[in-house]
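All letters in the sequence shown, in the order written, are residues 1 to 369 by my numbering.
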Amino acid sequence: MKFATFLLLLGITFGSFAQVTPVKVSGMIFQTGEDSIFVSQYMGGTEYTDYFGGPLDEQGNFELEGNVPAPNYYVIRFGKRHVPIILRNESNIKLYGDGRNVDQYLNIVNSDESHDLIEYLRLTSSWQQRSAEAGQLMSQNPQLADSIRRAMSAEYNVFQSQRQNFIARHSNSAALYPAFRETDPKQDFATYKSLASQLIKAFPESPMIQQVSVELNEQIKQQEANNILAPGKEAPDFEETKVDGSTMKLSDLRGQVVLLDFWASWCGPCRRENPAVVKLYEKYKDDGFTIMSVSLDKDKNAWIAAIEKDNLSWPNHVSDLGFWSSKVPKMYNVRGIPFTVLIDEEGKIIKTKLRAHQLEVELKRIFGH
1 MKFATFLLLL
11 GITFGSFAQV
21 TPVKVSGMIF
31 QTGEDSIFVS
41 QYMGGTEYTD
51 YFGGPLDEQG
61 NFELEGNVPA
71 PNYYVIRFGK
81 RHVPIILRNE
91 SNIKLYGDGR
101 NVDQYLNIVN
111 SDESHDLIEY
121 LRLTSSWQQR
131 SAEAGQLMSQ
141 NPQLADSIRR
151 AMSAEYNVFQ
161 SQRQNFIARH
171 SNSAALYPAF
181 RETDPKQDFA
191 TYKSLASQLI
201 KAFPESPMIQ
211 QVSVELNEQI
221 KQQEANNILA
231 PGKEAPDFEE
241 TKVDGSTMKL
251 SDLRGQVVLL
261 DFWASWCGPC
271 RRENPAVVKL
281 YEKYKDDGFT
291 IMSVSLDKDK
301 NAWIAAIEKD
311 NLSWPNHVSD
321 LGFWSSKVPK
331 MYNVRGIPFT
341 VLIDEEGKII
351 KTKLRAHQLE
361 VELKRIFGH
């Protein structure tokens with residue numbers, strides 16, 4: 001089937017499970033050109049792991065009964081084609097279809113969620129096919145590119161409306177799994193969380209949904225960490241060691257606009273930003289702007305040499321020389337450097353991840369010149 005993408009999204013990796021799940025699958029899929037059929041796990045490409053199988057007679061009739069490792073998402077395989085289904089304990093599913101075009105002509109009985117899963121996959125497969133055809137048409141007729149894009153934009157809006165309608169009609173269904181996998185938590189965390197929660201409620205015994213639960217908890221932690229740095233939130237205070245061995249707190253700079261700058265001597269992009277940042281410091285330091293640089297260095301001599309070479313003349317340089325294990329970068333959820341946090345006079349966050357040209361815009365806005 002053309003539903004292989006979904007099954008690759010599943011990322012199914014069965015280990016050894018204590019439970020054994022008995023299931024029955026029967027029906028008729030005619031014109032397959034095959035003489036056997038299997039309950040399998042799709043591994044990608046043309047690879048499968050078969051759990052049990054049986055013969056297909058000349059009319060396409062079959063009856064299968066056996067055990068799968070756990071309630072989960074599986075495929076019914078005939079040759080190198082397959083049908084995705086959802087199997088639970090004691091499932092007794094019947095399939096009827098045309099093996100020549102099983103993507104379009106398939107009926108599933110005794111498993112509404114498998115039927116709904118197929119419905120969703122048909123919806124997304126149809127959109128993907130139309131999108132690919134439009135791309136090919138544009139490459140062949142570049143003069144029509146703008147009109148094709150407009151038409152596809154309208155079609156995409158229709159597809160998204162159909163997708164949202166499906167999600168609304170199938171709340172708390174295991175059939176929502178592909179919709180969940182298509183949702184980027186960075187772009188739409190609310191939908192991601194909603195779909196994950198519904199799947200956990202619908203199919204908690206599935207190892208794949210148990211993995212969804214793990215991923216959801218990780219994403220919630222990530223969102224909470226990101227929320228710490230939301231504009232308007234108070235910047236987390238900390239105390240850290242300066243170059244001369246004394247300590248200072250971020251809150252010591254209260255009353256000034258502060259750029260909290262995470263960097264390191266070994267960070268090329270950081271060093272390339274420094275000249276522009278130095279110019280901004282010199283321009284606005286008398287207006288109440290300062291910088292607190294937090295280094296991720298582990299070599300003190302290299303740290304000091306970089307400060308001197310780049311003429312980082314502000315006095316607020318701190319580090320515990322812990323490299324990526326440093327406590328302050330962890331507190332601020334720093335995943336890469338340079339990373340900056342602009343903080344107002346009251347200690348509240350204005351913006352994050354400002355490069356020098358973006359910082360200049362903000363400082364002009366704040367100080368009026």
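By construction, the Cβ of each residue, glycine as well, lies at the ideal position given by its N, Cα and C atoms.
- Per DSSP, the unbroken beta strand (DSSP E) holding LEU260 starts and ends at 257 to 263.
- According to the DSSP assignment, LEU342 belongs to the beta strand (DSSP E) that extends over 339 to 343.
- Contiguous alpha helix (DSSP H) elements confined to the segment 188 to 225 occur at 189 to 202, taking only those with 4 or more residues.
- In the DSSP assignment, ARG355 falls outside any alpha helix (DSSP H) and carries neither an H nor an E.
- Sixteen is the threshold: when 16 or more other Cβ atoms of the shown chains lie within 10 Å of the Cβ of SER91, as they do, the residue is buried.
- If you draw a straight line from the Cα of GLU282 to the Cα of GLU308, it comes to about 16 Å.
- A straight line joining the alpha-carbon of ASN101 with that of TYR156 spans about 25 Å.
- Listed in chain order, the non-local C-beta contacts of LYS298 below 8 Å within the same chain comprise LEU321, GLY322, PHE323, local neighbours out to five positions each way being set aside.
- Under the three-state reduction of DSSP output, ASN67 falls in the strand class.
- Nearest to ALA70 by C-alpha distance, out of PRO178, ARG77, GLU34, VAL23, is VAL23.
- Counting the other Cβ atoms within 10 Å of the Cβ of ASP50 gives fewer than 16, which makes it exposed.
- Sequence-distant Cβ neighbours of SER326 in its own chain, meaning closer than 6 Å and more than five residues away, are LEU296, ASP320.
- If you draw a straight line from the Cα of ASP344 to the Cα of LYS279, it comes to about 20 Å.
- 8 Å or more divides the Cβ of ALA235 from the Cβ of SER265.
- Taking 8 Å as the cut-off, the beta carbon of VAL39 is found closer than this to the beta carbon of LEU64.
- Take the alpha-carbon of ILE228 and the one of VAL212: they are about 24 Å apart.
- Non-local C-beta neighbours of THR191 in its own chain, meaning closer than 6 Å and more than five positions away in sequence, comprise THR183, ordered along the chain.
- In terms of CA proximity to MET152, GLY135 leads the group ALA175, ARG163, GLY135.
- Apart from the 5 residues on each side of it in sequence, VAL20 sits with its Cβ closer than 6 Å to the Cβ of ASN67 in its chain, given in chain order.
- Residue environment analysis places PRO84 among the buried positions, since at least 16 neighbouring C-beta atoms fall within 10 angstroms of its C-beta.
- The beta-carbon separation of GLU360 and LYS351, rounded to 13 Å, does not stay under the 8 Å limit for a contact.
- Your pair SER246 and ASP237 does not check out as a contact, with CB atoms roughly 17 Å apart and the cut at 8 Å.
- Around the Cβ of GLY45, a 10 Å sphere holds fewer than 16 other Cβ atoms; the residue is exposed.
- Put simply, of GLU34, PHE30, LYS80, ILE37 the residue whose alpha carbon is nearest the alpha carbon of GLN59 is PHE30.
- In the three-state scheme derived from DSSP, where H, G and I count as helix and E and B as strand, ASP184 is classed as coil.
- Residue GLU346 holds the alpha-carbon nearest to the alpha-carbon of VAL257 among GLU346, SER293, SER313.
- Check the Cα spacing between GLY79 and each of LEU117, LEU95, TYR42, VAL109: the tightest is with TYR42.
- Judged by their CB atoms, ASN172 and GLN210 are not nearer to each other than the 8 Å cut-off.
- Under a 10 Å Cβ-count criterion, LEU312 is classified as buried, with 16 or more other Cβ atoms of the shown protein chains found around its own Cβ.
- Distance from the CA atom of ILE366 to the CA atom of GLU205, rounded to whole angstroms, is 55 Å.
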